[in-house]
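Reviewing the structure listed below.
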Amino acid sequence: MITRIVKFTVPTEQIDAFKASFATAATGSLKEPGFEQARLFAARADANTFFAYERLRDQEAHAAMPHTRQLFEFLASSGTQVEQYNLGEADPAPVPLSEPDVVGDDELAVFFIFSLRSGFREKVLAQFATHTKQARMEPGNVVFDLYTIEGNEDTLIVYERWKNEAALMEKHFAHPYAQQTGALLTEAVPGDLVEAMHFSTEIR
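Rendered as structure tokens:
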């Protein structure tokens with residue numbers, strides 16, 4: 001299974017066209033055998049920033065599809081900046097979503113992309129092995145997955161979805177295990193942790 005997160009920085013005048021092109025690609029992609037997810041999220045802090053989350057089995061076949069090619073052509077001609085993260089699974093592995101995957105109107109998604117200081121990787125992975133299991137048990141959690149990044153040992157990504165903002169900000173962050181993780185990350189991650197958290201809303 002191929003899992004990736006793609007960050008798009010779209011010129012203001014191209015945003016509507018980008019959304020339409022991605023929607024066409026996503027509709028076609030989800031009809032492909034083995035293509036599980038094609039989700040698009042808008043960053044709340046920056047109207048020009050979008051994130052895609054995709055899970056698929058056959059990239060070669062996917063890239064050859066007309067619906068995929070039209071998106072590639074749009075991206076190439078529109079001045080959109082693209083950053084692709086090819087993801088590796090950490091422990092515990094992502095949990096397949098139940099069907100149907102219902103998205104609430106108040107749902108909050110977070111793309112937490114952070115680099116680590118030297119010597120902290122194994123300690124952070126071990127902490128998240130426990131953190132992830134507990135986060136998934138919280139009533140307000142929808143998805144909580146930690147990923148490594150292929151070709152970049154020092155950067156990790158957390159992809160998480162919560163039923164509403166309060167479930168994350170008021171309840172999750174108040175748990176002792178989350179505070180323990182936060183203390184470790186304050187030590188392990190240079191810079192402001194909040195700046196590494198991209199709060200987003202799914203576009204449906």
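Numbering-wise (the UniProt record's numbering), the sequence shown opens with residue 1 and increments by one. Beta carbons: idealized from backbone N, C-alpha and C, even for Gly.
With distance defined between alpha-carbon atoms, name the residue in the options nearest to residue i.
| i | options | result |
| --- | --- | --- |
| F18 | F41, G34 and E32 | F41 |
| L71 | A25, R121, D145 and H172 | A25 |
| E36 | V95, A126, M137 and A47 | V95 |
| S115 | A61, G191, T27 and E150 | G191 |
| D16 | V6, K7 and A47 | A47 |
| G140 | N152, R161 and E122 | R161 |
Could you check the C-alpha separation between residue i and residue j for me, to the nearest Å?
| i | j | result |
| --- | --- | --- |
| A76 | E165 | 35 Å |
| L185 | V124 | 8 Å |
| I2 | K171 | 32 Å |
| R117 | P66 | 42 Å |
| A196 | L156 | 11 Å |
| N86 | V158 | 13 Å |
| R39 | E73 | 19 Å |
| A93 | A135 | 13 Å |
| A43 | H198 | 6 Å |
| T181 | A174 | 11 Å |
Does the Cβ of residue i have 16 or more other Cβ atoms within 10 Å, making it buried, or fewer, making it exposed?
| i | result |
| --- | --- |
| S29 | buried |
| E54 | buried |
| L146 | buried |
| F51 | buried |
Output yes or no for whether 8 Å exceeds the beta carbon distance between residue i and residue j.
| i | j | result |
| --- | --- | --- |
| T132 | Y177 | no |
| T49 | T9 | yes |
| E202 | V82 | no |
| A188 | T148 | no |
| A109 | S200 | yes |
| E150 | G88 | yes |
| K163 | D106 | yes |
| V6 | Q84 | yes |
| E32 | H62 | yes |
| Q121 | E153 | Going by the sequence as given, residue 121 is Arg instead of Gln. Yes, Cβ-Cβ distance for R121 and E153 is below 8 Å. |
Under DSSP, the beta strand (DSSP E) around residue i begins and ends at which residues?
| i | result |
| --- | --- |
| D154 | N152 to W162 |
Quick one: does residue i have its CB under 8 Å from some CB of chain D?
| i | result |
| --- | --- |
| E165 | Going by chain labels, chain D is absent from the structure shown, which holds only one protein chain. |
Can you give me the start and stop residues for the alpha helix (DSSP H) that residue i sits inside?
| i | result |
| --- | --- |
| F35 | Here F35 belongs to no alpha helix (DSSP H), and DSSP marks it neither H nor E. |
| E122 | R121 to R136 |
| E60 | Q59 to A63 |
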